[in-house]
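The next block holds one structure in the form of structure tokens; read it before the comments.
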Amino acid sequence: MSTRDTKKAMSSSPSNRRVAKEYSSGHIADQPTVYHIRIKGHLGQQWMGWFDGLTITPEEGGNTLLTGAVVDQAALHGILRKVRDLGMPLLSVNSVGASSQDTS
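Each number in the numbering used here corresponds to the 1-based position in the sequence shown with 961 added.
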């Protein structure tokens, strides 16, 4: 069996898919995660809708903190693409824990 066949067989197993959704911290991927995303430059509150409802907090020193629950890695990458598209330098991205929000 080739490596590709082995990977395909493993990814099709329900137990392997479940394990793949779990992070080493025990966080389940189906639960949103709260992130702090710090960027250089100030954004106004009018950008909140564009950033999928993340809270926008201008900080002293000219930085902006984006905070909120992100449903999955694809959504996080989408937010980071928007930061890139604005041309604002990304300073940090930190996961601060699981969200208590119900996303259903």
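Built from N, CA and C at the ideal position, the CB exists for glycine as well.
Per the DSSP calculation, K1001 is bridged to which residue(s)?
N1024
Start and end residues, beta strand (DSSP E) containing L1052
L1051 to A1059
Taking 8 Å as the threshold (C-beta atoms), are H997 and N1055 in contact?
yes
So, L1052 versus R999, is the Cβ gap smaller than 8 Å?
yes
In angstroms with no decimal places, state the Cα-to-Cα distance between R978 and D1033.
At R978, the pLDDT of 46 sits below 50, so the modelled position is not reliable; the number obtained from the coordinates is stated separately. Those two C-alpha atoms are separated by around 15 Å.
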